[in-house]
Amino acid sequence: MTEQKNINREIVAQKTPVSPKKRRSEEKTRYQAGDIIGGRFEVKEAHSGGMAEVYLGYDRLFRGLYAFKTIKLAHQHDETFRRMFEMEIVHWANMANHPHIVRCYEITAPSQFPNWTADIPQFIRLEWVFGDKKKGTDLRGWLRDGLDIKQALLFAIHIVRGLIHAQSVVPNIVHRDLKPDNVLVTEDGIAKITDFGLADIFEGILETPPPTPSPTRRGEKNVVAFVSQKSGLTGTPPYAAPEQWRNEPLDSRTDMYALGCILYEMVTGKMLFEAKKQSDYETLHCTTGFKNIIPQPTTSALESIYHILTTCLAPVPDERYHDLQALQQALHLAFQSVAHQPPPAQPPIAKMSYGYYNNRGLTFSDLRRHAEAFADFDKAIELNPQAATAFFNIACHYGLQKDVSSALPYLRKALEIDSQKYCSMIMTDSDFDGIRHATEFKSLLAEFCGE
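For the sequence shown, numbering that gives the first Met the number 0 assigns the number 0 to the initial residue and increments by one for each residue that follows.
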């Protein structure tokens, strides 16, 4: 991950209603319940799994309950894991505020922690989903007793809506690890996809890691290649499609297969395939297949979705639905047949505020995704032309690149809006250390700050 240097860049606080659900952590984590991270984040729960640690608690800066996610301590110096974490941030941050995707706000910066120390890792700040008191936070808890067919179809519709949105904002993205544990369910029964740590782009994949992106000028594209794991399974064995086992190209039909496994489990209360060894799962998915173990529906619930299951779980991707929209249509028809009414309409996607774009711009800036950072800062300014924060952050971005001529117009605008505040910040902000010697920079300070 990139080094955090922008000590005084401004974060815009936003309030989002989120709530907790307690669950025991299986592995030891950096922090425990009761800890306060950097004088900012009060840890209520600590969880560890896969490649990450997740902390649930109260954020004093944004005055709300959030989830903070970071790389496990054991992996923090592993370049592959670091790159995957950065790509997760990029994917997730682009997805904005969709009702069926857990919201990602931004990456944290040292300036956000009053008592920051060098051992505090970077976090992704996420929505904290409050689940049902009895069933828990993720879909796994809802599966213990099986679901009625109507509820199962509704959850499947929620998931496919989230996948369609993800593809609309990050074209050709594949989640690669859809499973009940990665679908959170709110207290009022809204399913949300989470954990894009294994997400990948299935077009233009390279077999070698990409080079470090070089700084780009405003208006230029910042092209970053995405890395695919070319050996070993990427995903979770009970839900992994045959092409994942064979290290073949992946696309949206790979997630479709996983959703078929989840739908079967929701209706029956048991996994489609259960095995003791990973190699046995490979045989079941790649050789045995769904139709060989269930050649015909055995219950009325299975009968109503049997065609959907056989299509999603076809061993060859070309035999599945040709895209997620076709699967969504099939799910809608099945729901209407069972419930005698159409599924509830998707809630409108909330418009993003200038604070959202400013904060996401900082995330992209920290990841050296320059084109995306500029686009978000521009959007923030468009929504609020008097948003000195966004002008200042663009100036910081150029200051880090030692680009005096590009930084000064934005710095001037910030000072025109609030000279008292930004004069103080400029004096201590290390982002401008590389241009402080410039005559134009000194003249600007003299004009507004009397320096």
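We put the beta carbon where it would ideally sit given N, CA and C, even for glycine.
(message) Buried or exposed, going by whether 16 or more other CB atoms sit within 10 Å of the CB of residue 277?
(response) Start at 1 with the first residue of the sequence shown, and residue 277 comes out as number 278. Classification for residue 277: exposed.
(request) Tell me residue 41's beta-bridge partners as DSSP assigns them. (result) Locating residue 41 in the sequence shown gives position 42, counting from the first residue. In the DSSP output, where bridge partners are listed per residue, residue 41 has 35 and 57.
(message) If you follow the alpha helix (DSSP H) that residue 112 is in, where does it begin and where does it stop?
(response) Position 113 of the sequence shown holds residue 112. Note, residue 112: premise wrong, no alpha helix (DSSP H); not H, not E.
(message) Given this structure, state the Cα-to-Cα distance separating residue 330 from residue 178, to the nearest angstrom.
(response) As a position in the sequence shown, residue 330 is number 331, starting the count at 1. As a position in the sequence shown, residue 178 is number 179, starting the count at 1. If you take the alpha carbons of residue 330 and residue 178, they lie about 18 Å apart.
(request) Work out the CA separation of residue 422 and residue 386 for me, nearest whole Å. (result) Locating residue 386 in the sequence shown gives position 387, counting from the first residue. Locating residue 422 in the sequence shown gives position 423, counting from the first residue. Between residue 386 and residue 422, the C-alpha separation is close to 16 Å.
(request) Grab the span of the beta strand (DSSP E) containing residue 126 for me, first residue to last. (result) Walking along the sequence shown from the start, residue 126 turns up at place 127. Residue 126 -> beta strand (DSSP E) spans 123-126.
(message) Mapping the DSSP letters down to three states, classify residue 443 as helix, strand or coil.
(response) For the purposes of this step, residue 443 is identified with residue 444 of the sequence shown, where counting begins at 1. In this structure, residue 443 counts as helix in the three-state DSSP scheme.
(request) Return the CA-CA distance between residue 295 and residue 340, expressed in angstroms with no decimal places. (result) Numbered from 1 along the sequence shown, position 296 holds the residue referred to as residue 295. Numbered from 1 along the sequence shown, position 341 holds the residue referred to as residue 340. So the alpha carbons of these two residues sit roughly 27 Å apart.
(message) For residue 350, tell me which candidate among 100, 95 and 269 has the shortest Cα-Cα distance.
(response) One-based indexing of the sequence shown puts residue 350 at position 351. Closest by alpha carbon: 95.
(message) Using C-beta distances below 6 Å, list every residue in its chain close to residue 58, excluding the 5 sequence neighbours before and after it, in chain order.
(response) Sequence index remark: in the sequence shown, residue 58 carries index 59 (1-based). Answer for residue 58: 40 and 65, listed in chain order.
(request) Please list, in chain order, all residues of the same chain as residue 441 whose beta carbon is under 6 Å from its beta carbon, the five residues on each side excluded. (result) Counted from its first residue, the sequence shown places residue 441 at position 442. None.
(request) Would you tell me roughly how many angstroms separate the C-alpha atoms of residue 371 and residue 103, rounded to the nearest one? (result) Residue 371 sits at position 372 when you count from the first residue of the sequence shown. Residue 103 sits at position 104 when you count from the first residue of the sequence shown. Cα-Cα distance, rounded: 16 Å.
(request) Could you tell me which residues DSSP pairs with residue 65 in its beta bridges? (result) In the sequence shown, counting from the first residue as 1, residue 65 sits at position 66. Its beta-bridge partners are 56 and 126.
(request) Classify residue 348 as helix, strand or coil using the three-state DSSP reduction. (result) Within the sequence shown, residue 348 is the residue found at index 349, counting from 1. Here residue 348 sits in coil by DSSP.
(message) Counting C-beta neighbours from all protein chains within 10 Å, is the total for residue 62 16 or more, i.e. buried, or is it exposed?
(response) Your numbering for residue 62 matches position 63 in the sequence shown. Per the 10 Å Cβ criterion, exposed.
(request) Can you tell me which of the three DSSP states residue 177 falls into? (result) The residue given as residue 177 occupies position 178 in the sequence shown. Reduced to three states, the DSSP call for residue 177 is coil.
(request) Would you kindly work out how many angstroms separate the C-alpha atoms of residue 170 and residue 33, rounded to a whole number? (result) Taking the sequence shown and counting its residues from 1, one reaches residue 170 at position 171. Taking the sequence shown and counting its residues from 1, one reaches residue 33 at position 34. Near 41 Å, if we compare the C-alpha coordinates of residue 33 and residue 170.
(message) With a threshold of 7 Å on Cβ separation, who are the neighbours of residue 74 within its own chain once the five nearest residues in sequence on each side are excluded?
(response) Residue numbering aside, residue 74 sits at position 75 when the sequence shown is read from its first letter. Excluding positions up to five away in sequence, the list reads 50 and 80.
(request) Grab the span of the alpha helix (DSSP H) containing residue 192 for me, first residue to last. (result) Numbered from its first residue, the sequence shown carries residue 192 at position 193. Here residue 192 belongs to no alpha helix (DSSP H); instead the beta strand (DSSP E) covers 190-192.
(request) Could you say which of 53, 262, 428 and 438 lies nearest to residue 302 if we only look at CA atoms? (result) Residue numbering aside, residue 302 sits at position 303 when the sequence shown is read from its first letter. Comparing Cα positions, the closest option is 262.
(request) Compute the beta-carbon to beta-carbon distance between residue 307 and residue 338, rounded to the nearest angstrom, for a pair I have assumed lies under 8 Å. (result) For this step, residue 307 is matched to residue 308 along the sequence shown. For this step, residue 338 is matched to residue 339 along the sequence shown. Residue 307 to residue 338, Cβ: 15 Å. No contact.
(message) Give me the DSSP bridge partner(s) of residue 105.
(response) On the sequence shown, position 106 is the one that residue 105 refers to. Looking at the DSSP assignment, residue 105 forms a beta bridge with 124.
(request) Look up residue 183 in the DSSP assignment and give the residues it is bridged to. (result) Within the sequence shown, the letter at position 184 stands for residue 183. Paired residues: 137 and 191.
(message) Here's a check: name, in chain order, each residue in its chain whose Cβ is nearer than 8 Å to the Cβ of residue 437, leaving out the five neighbours to either side.
(response) Working through the sequence shown from its first residue, we reach residue 437 at position 438. Closer than 8 Å at the Cβ level, and outside the excluded window around residue 437, lie 403.
(message) Assuming residue 294 is part of the alpha helix (DSSP H), what are its boundary residues?
(response) Here the question's residue 294 lines up with position 295 in the sequence shown. No alpha helix (DSSP H) holds residue 294; DSSP gives it neither H nor E.
(message) So, under 8 Å CB-CB, residue 451 and residue 52 are touching, yes? Tell me the CB distance rounded to an integer number of Å.
(response) Residue numbering for the chain in the displayed model covers 0 to 450; residue 451 lies beyond these limits and cannot be assessed.
(request) Tell me whether the beta-carbon of residue 362 lies closer than 9 Å to the beta-carbon of residue 192. (result) Taking the sequence shown and counting its residues from 1, one reaches residue 362 at position 363. Taking the sequence shown and counting its residues from 1, one reaches residue 192 at position 193. The answer is no: Cβ separation not under 9 Å.
(message) Along the chain, where does the alpha helix (DSSP H) containing residue 365 start, and where does it finish?
(response) Counting from one through the sequence shown, the residue named residue 365 turns up at place 366. First-last of the alpha helix (DSSP H) with residue 365: 353-365.
(request) Look up residue 163 in the DSSP assignment and say whether it is helix, strand or coil. (result) Reading the sequence shown from its first residue, position 164 is the one you call residue 163. Reduced to three states, the DSSP call for residue 163 is helix.
(message) Distance check for residue 54 and residue 46, CA to CA, integer angstroms please.
(response) Sequence index remark: in the sequence shown, residue 46 carries index 47 (1-based). Sequence index remark: in the sequence shown, residue 54 carries index 55 (1-based). Taking the straight line joining both Cα atoms gives about 6 Å.
(request) Give the single residue among 99, 101, 118 and 100 whose Cα lies nearest to the Cα of residue 108. (result) Walking along the sequence shown from the start, residue 108 turns up at place 109. Residue 118 is the option with its Cα nearest to residue 108.
(request) Please say whether residue 159 and residue 335 have beta carbons closer to each other than 9 Å? (result) One-based indexing of the sequence shown puts residue 335 at position 336. One-based indexing of the sequence shown puts residue 159 at position 160. No. Outside cutoff.
(request) Assign residue 133 to one of two classes, buried (16 or more other C-beta atoms within 10 Å of its C-beta) or exposed (fewer than that). (result) Residue mapping note: residue 133 aligns to position 134 of the sequence shown, counting from 1. Burial call: exposed.
(message) If you reduce the DSSP assignment to three classes, tell me which class residue 321 lands in.
(response) As a first step, residue 321 is located in the sequence shown; it is residue number 322 there, counting from the start. Here residue 321 sits in coil by DSSP.
(request) Express the C-alpha separation of residue 182 and residue 383 in angstroms, rounding to a whole number. (result) Taking the sequence shown and counting its residues from 1, one reaches residue 383 at position 384. Taking the sequence shown and counting its residues from 1, one reaches residue 182 at position 183. Each residue's alpha carbon lies about 35 Å from the other.
(message) Let's see if you can read the secondary structure: which residues bound the alpha helix (DSSP H) around residue 272?
(response) In the sequence shown, counting from the first residue as 1, residue 272 sits at position 273. Per DSSP, residue 272 belongs to no alpha helix (DSSP H) and is neither H nor E.
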